[in-house]
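In my numbering, the protein residues as written are 221 to 671.
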């Protein structure tokens with residue numbers, strides 16, 4: 221690690237104390253940029269890294285709402301607009317108790333390079349709140365979303381900042397948020413993605429991140445003469461990304477056998493019953509314990525029974541793993557277990573789901589490893605396609621959007637792979653994706669002057 225890169229990492233830690241996830245994201249990116257920084261001196265001369273690690277603006281606000289018992293509740297809201305050198309800020313909103321400044325900042329930083337990789341005209345941003353939708357009535361969620369939008373609407377717009385969903389923000393929440401935006405601004409424009417199909421949404425948007433992670437795995441394996449047909453796969457999570465990862469794995473002839481949530485995980489040796497999983501999670505919004513009650517033959521392991529310091533979902537033999545839940549869900553011990561059990565491919569559906577130590581082990585082992593900013597770019601790619609459809613006032617059919625998604629994921633793999641090869645480490649898609657995404661943003665920043 222060069223002294224310059226060390227100084228950048230130290231600066232981030234000094235200026236952003238206690239924001240550990242942001243420290244981790246920056247360290248992973250800037251460390252892998254060393255070859256391009258040494259080859260092209262202009263990036264240091266124009267202080268691109270020094271500018272890239274500081275968001276354009278960080279917005280924080282109070283969200284006050286009234287629950288069903290008439291009690292006043294207070295949450296914190298955030299929107300971090302990180303970089304718009306190549307297009308309007310673009311990135312999701314996350315509603316979860318874990319949301320804080322450092323989480324939103326790391327997600328926004330990752331989004332800058334991820335969006336760049338799609339080749340679509342989108343900058344990077346992220347937002348959210350420490351509000352927990354779980355256990356809340358539709359009325360409570362509506363009132364929270366309306367209060368949240370009472371502040372956020374001042375900062376977003378179809379050509380300024382276009383939010384989407386993330387953890388805790390699905391179609392219901394997007395509907396309430398967009399409705400309040402429309403009421404406040406008297407505008408109907410493409411300021412949100414993930415909208416309902418009847419009012420500007422795109423087909424394939426719910427499926428996009430999960431489908432994209434599988435398409436990316438398919439491309440990695442194809443380059444090595446392998447495939448997913450007939451292979452056992454492990455998937456974490458049971459939300460949107462996990463469900464549609466499982467669906468696409470079945471389309472390609474693979475057999476996904478695991479899923480998880482905040483309370484535990486299931487192992488179904490016959491293959492996850494996708495319709496049952498959708499019913500439990502999308503309709504009933506219940507724990508995976510319900511899956512075990514319906515299908516008694518499966519193995520259910522509650523979180524309190526996980527081996528200390530590990531996630532049980534990664535303890536089962538598999539050919540390919542798809543971390544699809546949340547950040548740092550796969551640590552070094554989990555990575556060792558996966559490799560010992562024969563895992564040959566990891567494609568990340570979540571944002572930064574592997575710790576730095578786990579990521580390093582995957583890279584050293586030379587397996588197919590697709591980092592989140594490349595492998596899970598399908599969601600924001602289809603968000604970009606939704607923006608295009610809104611701008612033209614047309615809606616494309618499912619097949620057309622899916623074909624475009626598949627093409628984008630293929631191109632992300634090719635670009636990342638060729639860039640990794642250019643810098644002498646052909647299997648290192650972490651380096652390849654980071655450099656490819658960085659170059660586009662950095663060159664745009666140079667072209668537009670010191671601002």
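Using N, Cα and C, we set each Cβ at its ideal position, and we do this for glycine too.
Problem - DSSP-derived helix/strand/coil call for residue 295 - result: Working through the chain shown from its first residue, we reach residue 295 at position 75. If DSSP states are grouped into helix, strand and coil, residue 295 belongs with the strands.
Practice task
Decide if residue 218 is buried, meaning its Cβ has at least 16 other Cβ atoms within 10 Å, or exposed.
Solution key: For residue 218 there is no data in the structure shown, the boundaries of the chain being 221 and 671.
Exercise for the section: Kindly list the residues whose CB is nearer than 8 Å to the CB of residue 362, restricted to its own chain and excluding five residues on each side of it in sequence; keep chain order. Expected result: Locating residue 362 in the chain shown gives position 142, where the first residue counts as 1. Hits under 8 Å: 396.
Practice task
Measure the CB-CB distance between residue 637 and residue 657 and report whether it falls below 7 Å.
Solution key: Residue numbering aside, residue 637 sits at position 417 when the chain shown is read from its first letter. Residue numbering aside, residue 657 sits at position 437 when the chain shown is read from its first letter. No, Cβ-Cβ distance for residue 637 and residue 657 is not below 7 Å.
Exercise for the section: Identify, in the order they occur along the chain, each residue of the same chain with its Cβ nearer than 8 Å to the Cβ of residue 357, setting aside the five sequence neighbours on each side. Expected result: Start at 1 with the first residue of the chain shown, and residue 357 comes out as number 137. Same-chain partners within the cutoff: 288.
Exercise for the section: Assuming residue 425 and residue 372 form a contact by the criterion Cβ under 8 Å, report the distance between their Cβ atoms to the nearest whole angstrom. Expected result: Sequence index remark: in the chain shown, residue 425 carries index 205 (1-based). Sequence index remark: in the chain shown, residue 372 carries index 152 (1-based). Rounded, the Cβ-Cβ distance is 20 Å, inconsistent with contact.
Exercise for the section: Determine the DSSP secondary structure at residue 289, reduced to helix, strand or coil. Expected result: Stepping through the chain shown from its first residue, residue 289 is reached at position 69. Looking at residue 289 - three-state DSSP - the assignment turns out to be coil, as it is neither helix nor strand.
Problem - Within the stretch 240-318, ranges of the beta strand (DSSP E) (whole runs, at least 3 residues) - result: 277-286, 292-303 and 309-315
Practice task
Can you tell me which of 454, 621 and 527 puts its alpha carbon nearest to the alpha carbon of residue 491?
Solution key: For the purposes of this step, residue 491 is taken as residue 271 along the chain shown, with counting starting at 1. Of 454, 621 and 527, the residue nearest in Cα terms is 454.
Exercise for the section: In angstroms with no decimal places, state the Cα-to-Cα distance between residue 415 and residue 514. Expected result: By 1-based counting over the chain shown, the position of residue 415 is 195. By 1-based counting over the chain shown, the position of residue 514 is 294. C-alpha separation (whole angstroms): 33 Å.
Handout entry: Integer-rounded CB distance, given that residue 412 should sit under 8 Å from residue 443
Key = In the chain shown, counting from the first residue as 1, residue 443 sits at position 223. In the chain shown, counting from the first residue as 1, residue 412 sits at position 192. 36 Å between Cβ atoms; not a contact.
Handout entry: Neighbour-count burial assignment, residue 237, 16 or more Cβ in a 10 Å radius
Key = Along the chain shown, one-based indexing puts residue 237 at 17. That one is exposed.
Practice task
Assign residue 604 to buried or exposed, taking buried as 16 or more other Cβ atoms, counted over all protein chains shown, within 10 Å of its Cβ.
Solution key: Stepping through the chain shown from its first residue, residue 604 is reached at position 384. Counting Cβ neighbours within 10 Å, residue 604 comes out buried, since at least 16 surround it.
Problem - Neighbourhood of residue 245 by C-beta distance below 7 Å, restricted to the same chain and skipping five residues each side - result: Counting from 1 along the chain shown, the entry for residue 245 is found at position 25. Correct list, in chain order: 326, 329, 330 and 572.
Handout entry: Close Cβ partners of residue 522 (< 6 Å) along its chain, the five nearest in sequence each way excluded
Key = Position 302 of the chain shown, counted from the start, is the residue given in the question as residue 522. Excluding positions up to five away in sequence, the list reads 484.
Problem - Buried or exposed (CB count within 10 angstroms, at least 16 for buried), residue 613 - result: Taking the chain shown and counting its residues from 1, the one referred to as residue 613 is at position 393. So residue 613 ends up on the exposed side.
Practice task
Starting from residue 450, follow the beta strand (DSSP E) in both directions and report where the run begins and ends.
Solution key: As a first step, residue 450 must be located in the chain shown, where it is residue number 230. Premise fails: residue 450 is in no beta strand (DSSP E) and is neither H nor E.
Exercise for the section: Could you tell me whether the stretch 525-545 touches the stretch 466-486, where touching means 3 or more Cβ pairs closer than 8 Å? Expected result: yes
Practice task
Mind checking which residues open and close the alpha helix (DSSP H) that includes residue 601?
Solution key: By one-based count along the chain shown, residue 601 stands at place 381. Looking at the DSSP string, the run of the alpha helix (DSSP H) that includes residue 601 is 598-612.
Handout entry: Distance, residue 494 Cα to residue 234 Cα
Key = For the purposes of this step, residue 234 is taken as the residue at position 14 of the chain shown. For the purposes of this step, residue 494 is taken as the residue at position 274 of the chain shown. So the two alpha carbons sit approximately 46 Å from each other.
Practice task
Within the same chain, show all residues whose beta-carbon is closer than 7 Å to that of residue 381, passing over the 5 residues directly before and after it, in chain order.
Solution key: Within the chain shown, numbered from 1, the residue matching residue 381 stands at position 161. If we look at residue 381 and ignore the five residues flanking it on each side, its Cβ neighbours are 301, 308, 309, 345 and 375.
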